[in-house]
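J.: Under the numbering used here, think of the first position of the sequence shown as 319, with each following residue one higher. Glycine included, every Cβ here is placed at the ideal spot set by N, Cα and C.
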Amino acid sequence: MNTASTAELTRAILARAMELYRDNPRATSWLRQQATRFDDPLRLAVIGPSAAGKSTLVNALVGDGVAPIEPSGTQVMCFYRGAQEPRAIGYPAAAPPRELPAGRSARRLRIDLDGLAGEGIGRLEVGWPSRSLRELVLIDTPAVGPDSEPRAVRSVCADADAVLCLLRQPYGTDLDVLRAVHEHPAMRAPVNALVVLSRADELGAGRVDGLISARQIARRRRREADVHEVCQDVVAVAGLAASGGRTLGEPEFTALAMLARLPKEELDTQLLSAQRFGRGDSPLPVDAATREGLLGRFGLFGIRLATTLIRRGADSQPALAAQLVQRSGLGELRESIDQYFVAPAEVLKARSALVAVDVLLRMEPRPGTAALSAELDRALAGAHELQELRLLATLQAERDLLPEDWREDAERLIGAYGTGLPERLGLHQPSGAEIYQAVHDALWRWRAQVENPALGVAARRAAMTVLRSCEAMAVGGGDPRPAYF
Ligand SMILES: Nc1nc2c(ncn2[C@@H]2O[C@H](COP(=O)(O)OP(=O)(O)OP(=O)(O)O)[C@@H](O)[C@H]2O)c(=O)[nH]1
Ligand SMILES: [Mg+2]
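(1) When DSSP builds the beta bridges, which residues end up paired with R428?
(2) In this structure, how does DSSP classify L786 when only helix, strand and coil are distinguished?
(3) At the level of alpha carbons, what is the spacing between V768 and L743?
(4) Would you mind listing the alpha helix (DSSP H) stretches within the stretch 697 to 768 that are 4+ residues and don't spill past its ends, in chain order?
(5) Between R426, L379, G445, which has its C-alpha nearest R405's C-alpha?
(6) Out of curiosity, what's the CA-to-CA distance linking L618 and G738?
(7) Rounded to a whole number of angstroms, what is the C-alpha to C-alpha distance between G490 and G463?
(8) Confirm the yes/no value for this check: CB of E275, any heavy atom of ligand 1, distance under 7 Å.
(9) Would you decide whether G408 is buried or exposed? Buried here means 16 or more other CB atoms lie within 10 Å of its CB.
(10) Mind checking which residues open and close the beta strand (DSSP E) that includes F397?
(11) For ligand 1, is there a heavy atom less than 7 Å away from the beta-carbon of P386?
(12) If you measure from the CB of L558, is any heavy atom of ligand 1 nearer than 7 Å?
(13) Is any heavy atom of ligand 1 found at a distance shorter than 7 Å from the C-beta of K582?
(14) Do V675 and A335 count as a contact pair if the criterion is CB distance below 8 Å?
(15) Would you identify the three-state DSSP class for L327, choosing helix, strand or coil?
(16) Which residue or residues does DSSP assign as beta-bridge partners of G483?
(17) Helix, strand or coil: how does DSSP classify R684 here?
(18) For T587, I'd like the list of residues in its chain whose CB is within less than 6 Å of its CB, leaving aside the five on either flank, ordered along the chain.
(19) Terminal residues of the continuous beta strand (DSSP E) containing L442?
(20) Using the three-state DSSP reduction, which class does A792 fall into: helix, strand or coil?
(21) Does DSSP put V555 in a helix, in a strand, or in coil?
(22) Alpha carbon to alpha carbon, how far is A715 from W762? Give it in angstroms, no decimals.
(23) If distances are taken between C-alpha atoms only, which option among A697, L666, A780 comes closest to L713?
(24) What would DSSP say about Y409, mapped onto helix, strand or coil?
(25) Any heavy atom of ligand 1 closer than 7 Å to the Cβ of S368?
(26) Kindly list the residues whose CB is nearer than 7 Å to the CB of A624, restricted to its own chain and excluding five residues on each side of it in sequence; keep chain order.
(27) Between R416 and I387, what straight-line distance do the alpha-carbon atoms span, to the nearest angstrom?
(28) According to DSSP, which residues form a beta bridge with V526?
(29) Verify whether the separation of the beta carbon atoms of P356 and A671 is less than 8 Å.
(30) Does DSSP put L360 in a helix, a strand or coil?
(31) Would you say the beta carbon of A461 comes nearer than 7 Å to a heavy atom of ligand 1?
(32) Could you name the residues of the same chain whose beta carbon sits closer than 8 Å to that of S787, not counting the 5 residues immediately before and after it, in chain order?
(33) Just to confirm my understanding: we take R539, look at its own chain, exclude 5 residues before and 5 after, and list those with CB closer than 7 Å. What are they?
(34) Out of L454, S450, L451, A413, which one is the CA nearest neighbour of G438?
(35) Only counting the same chain, and skipping five residues up and downstream in sequence, which positions put a Cβ closer than 7 Å to that of E752?
(36) Rounded to whole angstroms, what is the Cα-Cα separation between G433 and V376?
Structure (structure tokens):
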């Protein structure tokens, strides 16, 4: 099955809106922007309160030191997109965009902001060569917390198709930020938000095994109703250790390996506090400037983790880098981003465009908007791919909604492991006949569940969505006998 139907429907609605507002240049330009966004990769905003670790996580995801960029000390929206060469464009609030000198050295972005001195900057666009930016545009955003105006929260998310909301505490009011994101009626269903328990090492009090408990907290939280209502998944990530791992240099590995050779108790004592580790008269066999550098790049926890991993056998720079990425939780976060955002990117982008048209119709009503608005509501409510995303989130959170075997079958059929026919059917390079048989079997299985009186209402509704996915496969799978179904 593909997502052409939702995408086509969206393009048609955009075209109708364009026609409706053809005499309004501001509205037309807004609509044109929405249309061109379809060709962009999915835009993912990293949001959260001050010092939550947003810029650090952006670096971890990009794999280089690109954030933060703060012209004259102000936080601005900063977009990172894939490019052949480093480049940067500043968008002053009241002047034309300006190209800024930008380059790369020692895996860091070097950017000259002098050309913007004294100007209020609206946003910055950075082009950066990174494999991770092929499928995503990442947005580093100014801090918003539970005390921020909902309008401020929505403005940092306005250009995003999906959000990573960083929280330092698993409980408390920080989730209110996500509630504000979902305030728009069309945004209610949380199909485009993940919560990241950032700085997860601090939840585990800095112990090397503390990340295990942070991960358990994340797992528990993702099943709780207040969280499930606003996001699809909760992942614990120690962002500083992750970004250190992704950008680990050979000299850093050498310094960490020298530390790892010390007797464990001796090193542990020196790692009790940043102050002790950084001391000028420290007995450690690594000079003060290098230690200072390691502290800034990895934090105390990152150094503890890295030296432990080296002792346990990660004895080369690539081995340690890979282990740091995995242990820090970044690997799991990437998997969630792939599953929830990258795989259904087309649907999420279509959804953003529909919501944007909806906003315009509400702000600038005129004859004809009511009919288009009704059509748009139908599109948002009826798009089957969106229903699949909602059901995936529900099945993740409500593990006992369906019996385990059925749940796994349902998750696969609605696209949890990929939206192509073989992935949905769990077949490797299937023949046409195998596809036909598997779709046919799935249809009968799920038709029976829809009518199964032993299931509750919610479970039967879930079964109905799965059945619709099976029906779509039957029609879209190239079967020459659709009448059979
Ligand atoms: N212990 C620990 N510290 C972290 C982690 N991630 C970031 N930090 C530290 O937290 C501070 C803030 O990190 P940033 O990445 O700048 O946070 P931010 O959310 O972008 O901050 P603002 O943009 O100023 O709101 C820095 O001193 C980081 O070194 C982490 O995973 N663990
Ligand atoms: Mg920042």
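T.: Taking the definition as stated:
(1) Within the sequence shown, residue 428 is the residue found at index 110, counting from 1. Bridge partners of R428: G421.
(2) Here residue 786 corresponds to residue number 468 of the sequence shown, with the count starting at 1. Note that residue 786 is Arg in the sequence shown here, rather than Leu. Of the three classes helix, strand and coil, the one that applies to R786 here is helix, per DSSP.
(3) As a position in the sequence shown, residue 768 is number 450, starting the count at 1. As a position in the sequence shown, residue 743 is number 425, starting the count at 1. Going by the C-alpha atoms only, they are around 19 Å apart.
(4) 702 to 715, 722 to 731, 739 to 743, 750 to 768
(5) On the sequence shown, position 87 is the one that residue 405 refers to. Nearest option by C-alpha distance: G445.
(6) Indexing the sequence shown from 1 puts residue 618 at position 300. Indexing the sequence shown from 1 puts residue 738 at position 420. One C-alpha to the other measures close to 44 Å.
(7) As a first step, residue 490 is located in the sequence shown; it is residue number 172 there, counting from the start. As a first step, residue 463 is located in the sequence shown; it is residue number 145 there, counting from the start. For G490 and G463, the distance between alpha carbons rounds to 12 Å.
(8) This structure leaves residue 275 out entirely; the chain is present only between 319 and 803.
(9) The residue given as residue 408 occupies position 90 in the sequence shown. With 16 or more other Cβ atoms within 10 Å, it is buried.
(10) Here the question's residue 397 lines up with position 79 in the sequence shown. Residues 395 to 400.
(11) The residue labelled residue 386 in the question sits at position 68 within the sequence shown. Because some heavy atom of ligand 1 lies under 7 Å away, the Cβ of P386 counts as near it: yes.
(12) The count along the sequence shown starts at 1 and reaches residue 558 at position 240. Yes, since a heavy atom of ligand 1 falls inside the 7 Å radius drawn around the Cβ of L558.
(13) For the purposes of this step, residue 582 is taken as the residue at position 264 of the sequence shown. No; taking the cut-off as 7 Å, the Cβ of K582 has no heavy atom of ligand 1 nearer than that.
(14) Walking along the sequence shown from the start, residue 335 turns up at place 17. Walking along the sequence shown from the start, residue 675 turns up at place 357. Yes, they are a contact pair.
(15) What you label residue 327 is simply residue 9 of the sequence shown in a count that begins at 1. L327 falls in the helix class under three-state DSSP.
(16) What you label residue 483 is simply residue 165 of the sequence shown in a count that begins at 1. One detail in the question is off: residue 483 reads as Cys in this sequence, not Gly. DSSP lists I365, V513 as partners of C483.
(17) The residue given as residue 684 occupies position 366 in the sequence shown. Coil.
(18) Against the sequence shown, residue 587 aligns to sequence position 269. There are no such residues.
(19) Along the sequence shown, read from residue 1 onward, the residue named residue 442 stands at position 124. Where L442 is concerned, the enclosing beta strand (DSSP E) stretches over 439 to 446.
(20) Position 474 of the sequence shown, counted from the first residue, corresponds to residue 792. Looking at A792 - three-state DSSP - the assignment turns out to be helix.
(21) As a working note, residue 555 is residue 237 in the sequence shown. Residue state, collapsed to three classes: coil.
(22) If you number the sequence shown from 1, residue 762 lands on position 444. If you number the sequence shown from 1, residue 715 lands on position 397. Their Cα atoms are separated by approximately 26 Å.
(23) On the sequence shown, position 395 is the one that residue 713 refers to. Ranking A697, L666, A780 by Cα distance to L713 puts A780 first.
(24) Residue mapping note: residue 409 aligns to position 91 of the sequence shown, counting from 1. If DSSP states are grouped into helix, strand and coil, Y409 belongs with the strands.
(25) Sequence index remark: in the sequence shown, residue 368 carries index 50 (1-based). Under cutoff, so the answer is yes.
(26) Reading the sequence shown from its first residue, position 306 is the one you call residue 624. Answer for A624: L574, F616, L638, L642, listed in chain order.
(27) Here residue 416 refers to the residue found at position 98 when the sequence shown is read from its first residue. Here residue 387 refers to the residue found at position 69 when the sequence shown is read from its first residue. Between R416 and I387, the C-alpha separation is close to 16 Å.
(28) Residue mapping note: residue 526 aligns to position 208 of the sequence shown, counting from 1. For V526, which the question treats as bridged, DSSP gives no partner whatsoever.
(29) Start at 1 with the first residue of the sequence shown, and residue 356 comes out as number 38. Start at 1 with the first residue of the sequence shown, and residue 671 comes out as number 353. For the record, residue 356 in the displayed sequence is Phe; it is not Pro. The answer is yes: Cβ separation under 8 Å.
(30) Position 42 of the sequence shown, counted from the first residue, corresponds to residue 360. If DSSP states are grouped into helix, strand and coil, L360 belongs with the strands.
(31) In the sequence shown, the residue the question calls residue 461 occupies position 143. A461: yes, Cβ under 7 Å from ligand 1.
(32) Your numbering for residue 787 matches position 469 in the sequence shown. Correct list, in chain order: M319, H702, E706, L731, I732, G733, R742.
(33) Counted from its first residue, the sequence shown places residue 539 at position 221. If we look at R539 and ignore the five residues flanking it on each side, its Cβ neighbours are P488, V545, V552.
(34) As a working note, residue 438 is residue 120 in the sequence shown. Minimum Cα distance to G438 is reached at A413.
(35) What you label residue 752 is simply residue 434 of the sequence shown in a count that begins at 1. The answer, listed in chain order, is L745.
(36) Locating residue 433 in the sequence shown gives position 115, where the first residue counts as 1. Locating residue 376 in the sequence shown gives position 58, where the first residue counts as 1. Rounded to the nearest angstrom, the two C-alpha atoms are 25 Å apart.
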